[in-house]
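To start, the structure under review is shown below, and the notes come after it.
Number of protein chains: 2
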Amino acid sequence: MKTECDTKQKLLDTAMQLIWEQSYGSVSVDHICERAGAKKGSFYHFFPSKSDLAVAAIDGHWQKLRPDLDRIFSSQTAPLERLAGYCDFVYEQQNRQMQKFGRVCGCAFTSLGSELSTQDEKIRKKSLQIMEWRCKYLAAAIRDAVREGLVPEQDCDGKARDLYGSVLGVLLQAKIENDLGIIRHLKPTIFRLIGASEKVITGTPSHQP
Amino acid sequence: MKTECDTKQKLLDTAMQLIWEQSYGSVSVDHICERAGAKKGSFYHFFPSKSDLAVAAIDGHWQKLRPDLDRIFSSQTAPLERLAGYCDFVYEQQNRQMQKFGRVCGCAFTSLGSELSTQDEKIRKKSLQIMEWRCKYLAAAIRDAVREGLVPEQDCDGKARDLYGSVLGVLLQAKIENDLGIIRHLKPTIFRLIGASEKVITGTPSHQP
DNA sequence: GCTTGAGTTGACTGATCAGTCAAATGGAAA
DNA sequence: TTTCCATTTGACTGATCAGTCAACTCAAGC
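The listed protein sequences derive, respectively, from chains A and B.
One gets the numbering used here by counting positions in the first sequence from 1 and adding 5 to each.
One gets the numbering used here by counting positions in the second sequence from 1 and adding 5 to each.
Spelled out as structure tokens, the structure:
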């Protein structure tokens with residue numbers, strides 16, 4: 006026997022990767038098991054259903070992402086730099102996935118959410134929950150920017166959702182275009198939405214020119 | 006024998022509706038045939054594969070949509086009113102689909118694009134093509150707004166893509182939240198992105214209060 | 001009235017699907 | 001050493017999947 010839950014973790018990681026690269030509907034339990042080097046029985050020992058695995062997989066992926074977001078959105082960083090750093094992070098994440106799979110894969114959470122929201126309530130709820138968590142980071146940054154007088158007074162929580170909508174939209178476009186280029190538009194877009202000064206919008210395009 | 010291509014059209018309409026409500030992966034050829042009152046053989050008489058049907062279905066849906074967009078984006082209408090009208094149209098379309106199916110279904114084109122872009126090149130290309138067409142309407146409106154001095158000088162084509170990204174993002178959020186509410190944020194968001202005056206942004210929220 | 005061919009039918013294939021299960025394995029606690 | 005239980009195995013189910021096919025229907029053109 007291997008480490009305690011080696012197989013379980015392998016199944017989660019494999020499922021996450023396959024679903025991200027392809028889609029929930031076109032990845033079968035057999036594929037996941039084969040790629041993870043596990044047998045069907047083991048799969049159903051750990052997860053009651055394919056749908057439950059998907060929920061667990063995106064949840065695990067989200068947990069792994071949080072330390073990065075905590076760092077990027079650290080209150081030690083200036084508010085507008087947090088947002089800029091987040092845009093760069095989004096780009097880099099897609100870039101890494103592209104190196105690995107050779108295609109733009111978009112946002113794993115919302116790809117799954119988009120595919121299954123109308124059919125699987127558990128997956129919809131989890132996808133929604135992650136969306137709300139991510140908005141909290143944005144809202145805090147906007148709130149601090151307002152406090153420091155960098156942007157006008159505004160509804161920070163509402164605006165955070167608008168910003169996140171733009172992030173999702175850009176990732177969806179990038180996936181369909183199979184081109185990372187448009188993700189570069191994200192930074193000026195979100196600065197415009199929060200009413201940052203024109204200098205901020207046009208300056209500092211990103212740490213890669 | 007019924008009208009010339011009655012069966013074919015029925016298959017297209019049924020497929021479009023089912024895929025929009027559910028997803029490509031979870032709608033089978035058998036389901037489509039059953040709902041359309043056609044037999045499997047007829048299906049494969051008209052379409053070489055399920056994937057080809059999907060391409061034809063979204064193309065047909067797009068063709069049906071164009072007269073509406075032509076009306077909304079008529080050059081007889083003031084540029085900013087075109088954009089406002091488009092936002093209302095997006096809301097109304099989702100509202101209609103919600104009445105019919107009882108759920109927010111998001112954008113049919115990009116839901117399919119999001120699900121299959123990494124796997125089916127024909128579907129990705131069609132989805133991309135429709136995306137580009139829609140951006141043209143937005144670009145023309147922005148261009149005219151610039152010409153009339155309603156908004157600052159800017160890269161109209163690039164900005165149109167940014168706007169469309171926001172539309173897609175908002176529709177994706179609405180689908181996952183299963184709530185039309187956030188679509189109401191779309192109008193101020195796109196006005197902000199093109200740099201319209203604050204009065205335009207906050208005024209005229211939509212024709213329903 | 002015969003031919004033609006687009007459209008229709010229903011039975012069929014073999015693969016694959018999600019999910020089940022009883023029996024085997026093997027490490028840890030007793 | 002024996003018991004115990006989480007884990008693993010591989011064979012199994014019945015349903016469903018996309019796609020095939022030969023035979024049939026029927027209106028239109030000759």
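Ideal placement from N, C-alpha and C gives every residue a C-beta, glycine not left out.
query                                                                                                                                                                                              : result
Could you list which residues in chain A have their beta carbon closer than 7 angstroms to that of B:Arg-108, in chain order?                                                                      : Thr-123
Is DSSP giving A:Tyr-49 helix, strand or coil here?                                                                                                                                                : helix
Buried or exposed: which applies to B:His-66, given that a residue is buried once 16 or more other Cβ atoms fall within 10 Å of its Cβ?                                                            : buried
Following the continuous alpha helix (DSSP H) through B:Cys-110, name the residue where it begins and the one where it ends.                                                                       : Where B:Cys-110 is concerned, there is no enclosing alpha helix (DSSP H), given that its DSSP letter is neither H nor E.
From what residue to what residue does the alpha helix (DSSP H) around A:Leu-173 run?                                                                                                              : 161-182
Are any of the Cβ atoms in chain B nearer than 9 angstroms to that of A:Arg-197?                                                                                                                   : yes
Using only the alpha-carbon positions, how far apart do A:Arg-76 and B:Gln-14 sit?                                                                                                                 : 54 angstroms
Ignore the nearest five residues each way along the sequence and tell me which others in B:Val-156's own chain have a CB closer than 6 angstroms to its CB.                                        : Ala-150, Ile-199, Gly-200, Ala-201
Taking beta-carbon pairs under 8 angstroms, can you tell me which members of the segment 158-187 of chain A lie near chain B?                                                                      : Gly-163, Arg-166, Asp-167, Tyr-169, Gly-170, Ser-171, Val-172, Leu-173, Gly-174, Val-175, Leu-177, Gln-178, Lys-180, Ile-181, Glu-182, Asn-183, Ile-187
Leaving out five residues on either side along the sequence, give the residues of the same chain with a beta carbon under 6 angstroms from the beta carbon of A:Leu-191.                           : Cys-92, Val-175
Skipping 5 residues on each side, what residues in its chain have a beta carbon closer than 7 angstroms to that of A:Tyr-29?                                                                       : Ala-59, Leu-117, Glu-120, Leu-121
Any chance you could list the alpha helix (DSSP H) runs of at least 4 consecutive residues sitting entirely within the segment 73-139 of chain B, in chain order?                                  : 84-106, 113-121
From the beta carbon of B:Tyr-29, is the nearest beta carbon of chain A less than 9 angstroms away?                                                                                                : yes
Rounded to the nearest angstrom, what separates B:Arg-101 and B:Arg-108 at their Cα positions?                                                                                                     : 10 angstroms
Let me confirm a value: A:Cys-10 is counted as buried when at least 16 other C-beta atoms fall within 10 Å, else exposed. Which label applies?                                                     : exposed
Quick one: give me the first and last residue of the alpha helix (DSSP H) that B:Ala-20 is part of.                                                                                                : 11-26
Under 7 angstroms Cβ-Cβ, which residues of chain A neighbour B:Met-21?                                                                                                                             : Residues of chain A passing the Cβ test: none, with the nearest at roughly 15 angstroms.
Give every residue of the same chain whose Cβ lies closer than 6 angstroms to the Cβ of B:Phe-196, excluding the five residues on either side of it in the sequence, and list them in chain order. : Val-205, Ile-206
For A:Pro-72, count neighbouring C-beta atoms within 10 Å of its own C-beta (all shown protein chains included) and say buried if the count is 16 or more, exposed if not.                         : exposed
Closest to B:Gly-111 by CA distance: which of B:Ala-144, B:Ser-80, B:Gly-186, B:Lys-164 is it?                                                                                                     : B:Gly-186
Could you pull the start and end residues of the alpha helix (DSSP H) that A:His-190 belongs to?                                                                                                   : Where A:His-190 is concerned, there is no enclosing alpha helix (DSSP H), given that its DSSP letter is neither H nor E.
Using a Cβ-Cβ cut-off of 6 angstroms (strictly less than) and excluding sequence neighbours within five positions of A:Arg-40, which residues of its own chain qualify?                            : Thr-19
Below 8 angstroms, how does it come out for the segment 139-148 of chain A and the segment 163-178 of chain A: are there three or more Cβ pairs, yes or no?                                        : yes
Using beta-carbon positions only, say whether A:Phe-51 and A:Val-34 come within less than 9 angstroms of one another.                                                                              : no
Distance check for A:Cys-161 and A:Ala-179, CA to CA, integer angstroms please.                                                                                                                    : 27 angstroms
Determine the DSSP secondary structure at A:Val-156, reduced to helix, strand or coil.                                                                                                             : coil
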